[in-house]
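S.K.:
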Amino acid sequence: MPHRPHPPTGDSASSARAGGRALALVGIVLVAVNLRTAVAALSPIFSQISVDVPVDSVGVGLLGTLPPLCFAVFGLLAPVLKRHLRLETLLIAALCAILIGHLARGLSPNYAVLALASVLTFAGMGVANVALPPIVKKYFPASIGALTSVYVTIMALFSLIPPLVAVPVADSIGWRVSVSMWAVLALVAIVPWLGLWMRDRRSTAAAAPAASDSRLDAELLPQVSSAVAGSVWHSRLAWSMGLLFGATSLNVYAAFAWLPEILIDLAGVSPAQAGVLLSLYAGMGIPFSLLVPVLASRMRSVGPLIALGLVFYVLGYGGLLLAPAALPWLWVALAGAGPLLFPLVLVLVGLRSRTPEGTVALSGFTQGIGYALGALGPLLVGVLHELSGGWTAPLVFLLLTLVVVVVAGRVVARPRVLEDDWHSGHSVP
Numbered sequence: 024m025p026h027r028p029h030p031p032t033g034d035s036a037s038s039a040r041a042g043g044r045a046l047a048l049v050g051i052v053l054v055a056v057n058l059r060t061a062v063a064a065l066s067p068i069f070s071q072i073s074v075d076v077p078v079d080s081v082g083v084g085l086l087g088t089l090p091p092l093c094f095a096v097f098g099l100l101a102p103v104l105k106r107h108l109r110l111e112t113l114l115i116a117a118l119c120a121i122l123i124g125h126l127a128r129g130l131s132p133n134y135a136v137l138a139l140a141s142v143l144t145f146a147g148m149g150v151a152n153v154a155l156p157p158i159v160k161k162y163f164p165a166s167i168g169a170l171t172s173v174y175v176t177i178m179a180l181f182s183l184i185p186p187l188v189a190v191p192v193a194d195s196i197g198w199r200v201s202v203s204m205w206a207v208l209a210l211v212a213i214v215p216w217l218g219l220w221m222r223d224r225r226s227t228a229a230a231a232p233a234a235s236d237s238r239l240d241a242e243l244l245p246q247v248s249s250a251v252a253g254s255v256w257h258s259r260l261a262w263s264m265g266l267l268f269g270a271t272s273l274n275v276y277a278a279f280a281w282l283p284e285i286l287i288d289l290a291g292v293s294p295a296q297a298g299v300l301l302s303l304y305a306g307m308g309i310p311f312s313l314l315v316p317v318l319a320s321r322m323r324s325v326g327p328l329i330a331l332g333l334v335f336y337v338l339g340y341g342g343l344l345l346a347p348a349a350l351p352w353l354w355v356a357l358a359g360a361g362p363l364l365f366p367l368v369l370v371l372v373g374l375r376s377r378t379p380e381g382t383v384a385l386s387g388f389t390q391g392i393g394y395a396l397g398a399l400g401p402l403l404v405g406v407l408h409e410l411s412g413g414w415t416a417p418l419v420f421l422l423l424t425l426v427v428v429v430v431a432g433r434v435v436a437r438p439r440v441l442e443d444d445w446h447s448g449h450s451v452p
């Protein structure tokens, strides 16, 4: 009779799971490091890039819309890919795309290659965006808030670093090195996920004769069926999550594209001061990235957090409209605090779904819809500025987008999960 492998003992299984969680923690941190580096790596050095790769203002604008656009498209595709790939495999593929994209951007001989390489880079980031919440739920189901806080904070921190180092590196070594050097971070991030992928294959092979073991089955995520993926499109909760994320993304990407010019024209600051204020805007997300996920995971209703983000937005935009030159740093700080809704929605992906399958589906839908709306921000603000010749209309438009936050926030604030929609057979009342 052939020898059947014995399932691991309690102590060895516990040790193996602990080792897997430690490796997953390192992997989650390293993935987060890579999720925003490419977004701000080009804009500070376009003058150097244009010497070798001609880039006009239209080209710059297109490159600026690529991040949220790719995050949207590939965020919606990620659950489809998950039907055929394990989460660990999906993350490895996403990191490989980021790595190759960074290198290709640095080697670009013309604008077309630069744009296509950027699409590949942001595609990898879009897939990884969606894969992280279910990865956290898989390895740390009891610490969703804390782990979301960690990786969102790291994302915010590493969105500040590329603008600070891009120019010095480009000046001393060249723009191609400045653009492509971020591939090193992607390469490092692949290592722990390769380790987890190999552990997973070994444990799956060993557990095959005992596949009915519920403990082992629970450690494998189910596929996202087409029925589940379709059901998300009919969920009021899912649409509200997507719209809330979309309103936040629209405001954030509009600010990154236009806030310096708004401050120069309305507040009379210098370009250097406008750059510092833009850093202040981005930096405001760091403390909220630490606090909001932890608070949200402990609150029955997240309504107060949504209201707080709404108040910050109104005060910030109101100050820029009514007294821009009085306290520009205060208005920028308040407007930069409004996107606390971003880490809030990310942690709610795990908290507003009951099953790993639901988490994957809700993550893809929320970020797909959200980033699609976010891609409209820079474009619509630019068009309104061009048509009106000033910044009043664009700022009023941004204020009007907050109506979406109010309407969607009322649904999202309720302590209800996505699967309730499926079981009830209708949308959330």
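Those letters in the sequence shown? Residues 24 to 452, by our numbering. The C-beta atom is built at its ideal place from N, Cα and C for all residues, glycine as well. Every value quoted in this text rests on a predicted model; they were computed, and no experiment measured them.
(1) Indicate whether Pro316 and Ala169 have their beta-carbon atoms separated by less than 9 Å.
(2) Expressed to the nearest angstrom, what Euclidean distance is found between the alpha-carbon atoms of Phe365 and Thr271?
(3) Comparing alpha-carbon positions, which option in Thr378, Gly373, Gln71 and Leu399 lies nearest Thr389?
(4) Suppose only complete runs of 3+ residues qualify. What are the beta strand (DSSP E) ranges in the stretch 303–371, listed by chain order?
(5) Can you give me the Cβ contacts of Gly147 inside the same chain, cut-off strictly under 7 Å, excluding the 5 residues immediately before and after it?
(6) Of the choices Arg259, Arg222, Ser201 and Ile196, whose alpha-carbon is the least far from that of Arg375?
(7) Reducing DSSP to helix, strand and coil, say where Ile177 ends up.
(8) Quick one: grab the DSSP three-state call for Val78.
(9) Near Ala127, which residues of its chain fall below 6 Å by C-beta distance, leaving aside the five closest residues on each side in sequence?
(10) Have a look at Ile480 and Tyr174 and give me their C-alpha separation to the nearest angstrom.
(11) Looking at the unbroken alpha helix (DSSP H) that takes in Trp262, where does it start and where does it end?
(12) Nearest to Ser201 by alpha carbon, out of Val190, Val211, Leu410 and Phe181?
(13) For Met204, which three-state DSSP category applies?
(14) Is the Cβ-Cβ distance between Ala135 and Leu85 less than 9 Å?
(15) Quick check on DSSP: helix, strand or coil for Ser254?
(16) To the nearest whole angstrom, what separates the beta carbons of Gly326 and Ala436, a pair I think is in contact under 8 Å?
(17) Out of curiosity, what's the CA-to-CA distance linking Asn152 and Ile196?
(18) Inspect the beta-carbon positions of Ser320 and Met178 and report whether they are closer than 9 Å.
(19) Check whether the stretch 44–58 and the stretch 209–218 are in contact - that is, three or more C-beta pairs closer than 8 Å.
(20) Check Ala398 in the structure and name its three-state DSSP category.
(21) Helix, strand or coil: which one does DSSP assign to Val292?
(22) Along the alpha helix (DSSP H) that carries Leu126, what are the first and last residues, could you check?
(23) Looking only at its own chain, which residues have a Cβ that is under 8 Å from the Cβ of Ile68, when we skip the five neighbours before and after it?
(24) Between Leu273 and the rest of its own chain, which residues show a CB-CB distance below 7 Å, the 5 nearest in sequence each way excluded?
(25) Roughly how many angstroms lie between the CA atoms of Ala347 and Leu418, to the nearest whole one?
(26) Tell me, to the nearest whole angstrom, how far the beta carbon of Pro351 is from that of Leu301; I am working on the premise that it is less than 8 Å.
(27) Assign Trp256 to one of two classes, buried (16 or more other C-beta atoms within 10 Å of its C-beta) or exposed (fewer than that).
(28) Can you check whether the CB of Leu208 is closer than 9 Å to the CB of Ile158?
(29) What is the rounded straight-line gap between the Cα of Trp414 and the Cα of Val78?
(30) Should Met221 go down as buried or exposed, given a rule of 16 or more other Cβ atoms within 10 Å for buried?
(31) My guess is that Tyr304 and Leu422 are in contact by the Cβ rule of under 8 Å, so how many angstroms apart are they, rounded?
(32) Please classify Pro438 as buried or exposed, where buried requires at least 16 neighbouring CB atoms within 10 angstroms.
(33) If you draw a straight line from the C-alpha of Leu363 to the C-alpha of Ala277, how long is it?
M.R.: In brief:
(1) Position 293 of the sequence shown, counted from the first residue, corresponds to residue 316. Position 146 of the sequence shown, counted from the first residue, corresponds to residue 169. Cβ distance < 9 Å, so Pro316 and Ala169 count as in contact.
(2) Locating residue 365 in the sequence shown gives position 342, counting from the first residue. Locating residue 271 in the sequence shown gives position 248, counting from the first residue. Their Cα atoms are separated by approximately 6 Å.
(3) Here residue 389 is taken as the residue at index 366 of the sequence shown, counted from 1. Of Thr378, Gly373, Gln71 and Leu399, the residue nearest in Cα terms is Gly373.
(4) none
(5) Position 124 of the sequence shown, counted from the first residue, corresponds to residue 147. Hits under 7 Å: Ala117, Leu118, Ala120, Ile121 and Gly124.
(6) In the sequence shown, the residue the question calls residue 375 occupies position 352. Ranking Arg259, Arg222, Ser201 and Ile196 by Cα distance to Arg375 puts Arg259 first.
(7) If you number the sequence shown from 1, residue 177 lands on position 154. Reduced to three states, the DSSP call for Ile177 is helix.
(8) The residue labelled residue 78 in the question sits at position 55 within the sequence shown. Here Val78 sits in coil by DSSP.
(9) For this step, residue 127 is matched to residue 104 along the sequence shown. Same-chain partners within the cutoff: Ala140.
(10) In the structure as shown, the chain begins at 24 and stops at 452. Residue 480 is therefore absent and cannot be evaluated.
(11) As a working mapping, residue 262 is identified with position 239 in the sequence shown. Segment Arg259 to Ile285, the alpha helix (DSSP H) holding Trp262.
(12) The residue labelled residue 201 in the question sits at position 178 within the sequence shown. Comparing Cα positions, the closest option is Val190.
(13) Taking the sequence shown and counting its residues from 1, one reaches residue 204 at position 181. DSSP places Met204 in coil when its eight states are reduced to three.
(14) For the purposes of this step, residue 135 is taken as residue 112 along the sequence shown, with counting starting at 1. For the purposes of this step, residue 85 is taken as residue 62 along the sequence shown, with counting starting at 1. Not in contact: Ala135 and Leu85 (Cβ atoms no closer than 9 Å).
(15) Position 231 of the sequence shown, counting from 1, holds the residue named residue 254. Here Ser254 sits in helix by DSSP.
(16) Position 303 of the sequence shown, counted from the first residue, corresponds to residue 326. Position 413 of the sequence shown, counted from the first residue, corresponds to residue 436. Right, their Cβ atoms sit about 4 Å apart.
(17) Reading the sequence shown from its first residue, position 129 is the one you call residue 152. Reading the sequence shown from its first residue, position 173 is the one you call residue 196. Going from the Cα of Asn152 to the Cα of Ile196 covers about 31 Å.
(18) Against the sequence shown, residue 320 aligns to sequence position 297. Against the sequence shown, residue 178 aligns to sequence position 155. Taking 9 Å as the Cβ cut-off, Ser320 and Met178 do not qualify as a contacting pair.
(19) yes
(20) Numbered from its first residue, the sequence shown carries residue 398 at position 375. In this structure, Ala398 counts as coil in the three-state DSSP scheme.
(21) Reading the sequence shown from its first residue, position 269 is the one you call residue 292. Looking at Val292 - three-state DSSP - the assignment turns out to be coil, as it is neither helix nor strand.
(22) Locating residue 126 in the sequence shown gives position 103, where the first residue counts as 1. Start and end: Leu110 to Gly129.
(23) In the sequence shown, counting from the first residue as 1, residue 68 sits at position 45. Here the set comprises Ala189, Val190, Ala193, Trp198, Ser201 and Val202.
(24) On the sequence shown, position 250 is the one that residue 273 refers to. Excluding sequence neighbours, Leu273 sits near Leu396, Gly397, Leu399, Gly400 and Thr424.
(25) Looking up residue 347 in the sequence shown gives position 324. Looking up residue 418 in the sequence shown gives position 395. Contrary to the premise, residue 347 reads as Pro rather than Ala in this sequence. About 12 Å.
(26) Along the sequence shown, read from residue 1 onward, the residue named residue 351 stands at position 328. Along the sequence shown, read from residue 1 onward, the residue named residue 301 stands at position 278. So it is not a contact: roughly 11 Å between Cβ atoms.
(27) Here residue 256 is taken as the residue at index 233 of the sequence shown, counted from 1. Burial call: exposed.
(28) Your numbering for residue 158 matches position 135 in the sequence shown. Your numbering for residue 208 matches position 185 in the sequence shown. No, Cβ-Cβ distance for Ile158 and Leu208 is not below 9 Å.
(29) The residue labelled residue 414 in the question sits at position 391 within the sequence shown. The residue labelled residue 78 in the question sits at position 55 within the sequence shown. Approximately 26 Å between the Cα atoms of the pair.
(30) Taking the first residue of the sequence shown as position 1, residue 221 is located at position 198. By the 10 Å Cβ count, Met221 comes out exposed.
(31) The residue given as residue 304 occupies position 281 in the sequence shown. The residue given as residue 422 occupies position 399 in the sequence shown. About 17 Å separates the two Cβ atoms, so there is no contact after all.
(32) For the purposes of this step, residue 438 is taken as residue 415 along the sequence shown, with counting starting at 1. With fewer than 16 Cβ atoms within 10 Å of its Cβ, Pro438 is classed as exposed.
(33) By one-based count along the sequence shown, residue 363 stands at place 340. By one-based count along the sequence shown, residue 277 stands at place 254. Taking the straight line joining both Cα atoms gives about 16 Å.
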